[in-house]
Amino acid sequence: MGVCVLLGPFRRIIGCILTIAMLAALLPAFTAKASDNTEPFFDVPAKSYAYDAIHKLRELNITNGIGNNQFGYGKTITRADFVTFLVRLMGWELVYPEEGSFNDNKDKKKHYYPYIETALKAGIIKKAEYFRPNDNISREEIAIMIIRTIGLETLAQQPSLSYQPFSDVNKYNGYINIAKDLGIVTGIPGNLFAPKNNAKREEAAVMMMRMYEKLNHGINELHAFYAHNAYSQKEYIKSLDSVSFGWCRLEYDAENGKVILNSSSKNENDFVLPDGFSGVVEYARQEGASTQLNVFASNDIRINADETQKNIGLVEYIIKNPDVRKAVIHDIVQMLNSAKKGDEEAAFDGVVIDFEALGGKDNQVFLNTFLDELNTELDKHSKKLYVAVHPVQRPGEAYYNGYDFKTIGEIADKVILMAHDYNAKSLNDSEMDIGFTSTPLTPFDQIYFALKAITDKDTGVQDLSKIWLQISFGSAQWQKKDGKVINRYPYVPTYQKIRDRIKNLDNMQNVVVEYAKSYENPYITYYNPDTGVSNVIWYEDSRSVTAKVNLAKMFGIRGISLWRLGNIPDFDDDGMYLDVWQQLIEQ
């Protein structure tokens, strides 16, 4: 965890230890002790936008200026100096090769010699004949190096990020788009970036410190859902700040003409209040975790309420009808205060409104009204309100747009971004015939645009501390024979079966674990000689999860939600990258 103020003894201890360890690993060894010289540079204006960033660099011993207690404010910065500052800031171990890698970096006596070589090894700069250490660095070059430093170069090269970020940018669009969206770089009046302009030393300081601050913030809230088959990972609640129980859903009772809150197994309901539920809720409470009841409803469920409301989505029906809203809110609050089954009874600290598949911007105002009315009633009982929302997709792609992020963020205590399950749920005949199996669960650029939208300064959730990025642990397996996919719907192997497949206990042929860097998703390929069938399995592992968590942190998000307990990969790290739980609690 990134902060030490966490609920529960386990989180408090682990959080403090990990914070210390993470900071020690990030900061250079020679900056473990802050600079003794804390006197402000006399050439830096006290009201400068860069004042704090410049002096933070001095505090970290990244630079002591250009001499005579001057920072060099208003002056340009060379490529060598910028790389030197960047390498020091990241705390990388310096590289001293026998021979320099560039024709103009052969002199080992130059102060910048090891820094340039270290930057090359880290992939921050690329191999070329000359590095041009004494040339001034441009604003464009700084943006590129920073995006490489934070590990997002592959993302920057995706076609979906090639749109023009500023009117004067026509090259390296993806790099500058990301740097802009993350708040690392800003433009100048007229929607300009001036990419070829030489950067000033203060500009470089601000960009570096913005990057540094994002890298140094950890995750301080971990939430998970507890639903069917979750009991096997009940003990994980000890490490959670909050847990939500998926034990009911809203349905339309056609016989009686009303919406009901169903927590039984009637009507093939999977969201069931289980035997022993009160003990699990009490266990969570004893471990210091906030407890919520998840209320699920899908707008994909179509109902015929009356002559004027035929084939209407269930969620739309609920939120558009004042009397229905009132009845549903009453039932929710009642169950939060007293959920009963047999002799068991439990209360919850709040509710998660999980209204899915809601499209149409016109529906935003109705959902806002429902949430506002619900929140008014919840406040009377000191209950919390969490809201799950669908993500915005890549530019030009359709998505469920019935969620007003900004207003929901104003009403709710937490907003859970369900940025997962992007993979195809079925293939059409054409896709099957061509052997299409490229179905990653969470393409990285999709996660990027989801995070960008929900943190938008104008239309997103304004209080970023309210946002939780949700990670789900699904899988998708396709089978091919004679070049064609033979299963229209993907198989969904468990993570135990995925681990067994990686270990190849049944001696399949050509078992290969791949990692698609462009998607930040792993997949397995193998061949079954008995059936003549080739297989592809997409899944999540610690690499893909860490990539998403780190991206969320770069957008200022400090909370993670997991769907769900009982399905989180937690195996010893034996090179399979299935130690997901361990990696998560170390975030």
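Heads up: the sequence shown runs through residues -34 to -1, 1 to 553, numbered per mature numbering (1 follows the signal peptide of the UniProt record, and there is no 0).
Cβ coordinates follow ideal geometry from the N, Cα and C atoms, glycine included.
These figures come from a predicted structure and were not determined experimentally.
Supposed close pair residue i, residue j - CB separation, criterion 8 Å
| i | j | result |
| --- | --- | --- |
| PRO357 | MET384 | 7 Å |
| ILE90 | PHE68 | Wrong, their Cβ atoms sit about 14 Å apart, outside the cutoff. |
| THR274 | ASN334 | 23 Å between Cβ atoms; not a contact. |
| GLY325 | PHE371 | That belief does not hold up - the Cβ atoms of GLY325 and PHE371 are roughly 15 Å apart, past 8 Å. |
| ARG105 | ASN163 | 5 Å |
| THR120 | LYS483 | 5 Å |
| ILE43 | ALA170 | 5 Å |
| ILE203 | TYR249 | 7 Å |
Spatial neighbours of residue i in its chain, beta-carbon cut-off 6 Å, leaving aside the 5 residues before and after
| i | result |
| --- | --- |
| ASP101 | ARG45 |
| SER500 | LYS446, TYR493 |
| SER264 | GLU322, ALA323 |
| LEU86 | SER67 |
| LEU(-28) | Summary for LEU(-28): the model assigns pLDDT 36, below 50, so the residue's position carries little reliability; its value from the coordinates is reported in the next sentence. Here the set comprises ASP207, GLY254. |
| PRO459 | SER441, GLN443 |
Start and end residues, alpha helix (DSSP H) containing residue i
| i | result |
| --- | --- |
| VAL172 | 167 to 181 |
| ALA513 | 508 to 520 |
| ASN334 | 328 to 346 |
| PRO288 | 288 to 303 |
| ILE400 | ILE400 -> no alpha helix (DSSP H), and no H or E assigned at all. |
| TYR192 | Taken as a continuous stretch (DSSP letters only), TYR192 belongs to no alpha helix (DSSP H), being part of the beta strand (DSSP E) at 187 to 192. |
| THR143 | A quick correction: the sequence has Asn, not Thr, at residue 143. Here the alpha helix (DSSP H) through ASN143 covers 139 to 147. |
| LEU471 | LEU471 -> no alpha helix (DSSP H), and no H or E assigned at all. |
For residue j and residue i, the rounded distance between their alpha carbons
| i | j | result |
| --- | --- | --- |
| ALA(-10) | VAL511 | Below a pLDDT of 50, predicted positions are generally treated as unreliable, and ALA(-10), at 40, falls in that range; no measurement from the model is reported. |
| SER126 | ILE226 | 43 Å |
| residue 578 | ILE103 | Past the boundaries of the shown model lies residue 578; the chain is included only from -34 to 553, so the question cannot be answered. |
| SER231 | PRO240 | 10 Å |
| LYS74 | ARG54 | 18 Å |
| TYR461 | ASP540 | 15 Å |
| ALA220 | ASN235 | 16 Å |
| LEU430 | PHE262 | 24 Å |
| TYR457 | TYR505 | 12 Å |
| ASP320 | LEU351 | 11 Å |
| PRO80 | SER392 | 53 Å |
| PHE336 | ASN260 | 16 Å |
| ILE551 | SER208 | 14 Å |
| PRO288 | TYR366 | 23 Å |
| ALA271 | GLU339 | 22 Å |
| ASN473 | GLY498 | 14 Å |
| THR257 | VAL247 | 7 Å |
| ALA(-14) | GLU59 | Caution applies to ALA(-14), whose pLDDT of 41 falls short of 50 and renders its modelled position unreliable; the model cannot decide the point. |
| ALA364 | ALA354 | 19 Å |
| PHE51 | PRO131 | 27 Å |
| SER348 | LEU216 | 23 Å |
| PHE(-5) | HIS77 | With a pLDDT of 35 at PHE(-5), under the threshold of 50, the modelled position of this residue cannot be trusted, and the question is left open. |
| GLY31 | ASN136 | 34 Å |
| TYR129 | LEU158 | 14 Å |
| ILE523 | ASN222 | 44 Å |
| ALA190 | GLN443 | 25 Å |
| GLY316 | ASN341 | 10 Å |
| LEU280 | ASP496 | 47 Å |
| LEU118 | LYS286 | 43 Å |
| PRO527 | ILE382 | Pro is not the amino acid found at residue 527; the sequence shown has Ser there. Roughly 7 Å separates the two Cα atoms. |
| TRP213 | ASP466 | 31 Å |
Residue span of the beta strand (DSSP E) that contains residue i, given as start and end
| i | result |
| --- | --- |
| TRP504 | 499 to 504 |
| ASP320 | 316 to 322 |
| GLU107 | Unbroken run through GLU107 is the alpha helix (DSSP H), 105 to 115; no beta strand (DSSP E). |
| ARG215 | 208 to 219 |
| THR491 | 487 to 494 |
| THR257 | 256 to 264 |
| ASN476 | 475 to 482 |
| TRP444 | 442 to 447 |
| TRP434 | 433 to 438 |
| LYS349 | LYS349 -> no beta strand (DSSP E), and no H or E assigned at all. |
| VAL381 | 380 to 383 |
| GLY525 | 525 to 529 |
Other residues of its chain near residue i: CB distance less than 7 Å, five sequence neighbours each side excluded
| i | result |
| --- | --- |
| VAL479 | ILE468, PRO488, ILE490 |
| GLY40 | LYS166 |
| GLN199 | LEU531, GLY532, ILE534 |
| LEU96 | First, the amino acid is wrong: residue 96 is Tyr here, not Leu. Answer for TYR96: PHE68, ASN69, ASP70, listed in chain order. |
| GLU343 | ILE295, VAL299 |
| GLY401 | LYS446, GLY449, LYS450, VAL451 |
| GLU179 | none |
Own chain residues within Cβ distance below 8 Å of residue i, not counting five before or after
| i | result |
| --- | --- |
| GLN412 | PRO357, GLN359, ARG360, ALA385, TYR388 |
Distance cut-off 6 Å: residue i Cβ against heavy atoms of the ligand PLP
| i | result |
| --- | --- |
| GLY40 | This structure lacks the ligand PLP, and indeed carries no ligand of any kind. |
> For the 8 Å Cβ check, are there 3 or more pairs between the stretch 518 to 530 and the stretch 181 to 191?
Replying inline: yes
>> Three Cβ pairs or more, each shorter than 8 Å: is that satisfied between the stretch 107 to 121 and the stretch 145 to 164?
In response: yes
> Would the stretch 329 to 343 and the stretch 301 to 311 be scored as touching if the rule is three or more Cβ pairs under 8 Å?
Replying inline: no
> Between the stretch 405 to 421 and the stretch 431 to 445, do three or more beta carbon pairs fall short of 8 Å?
Replying inline: yes
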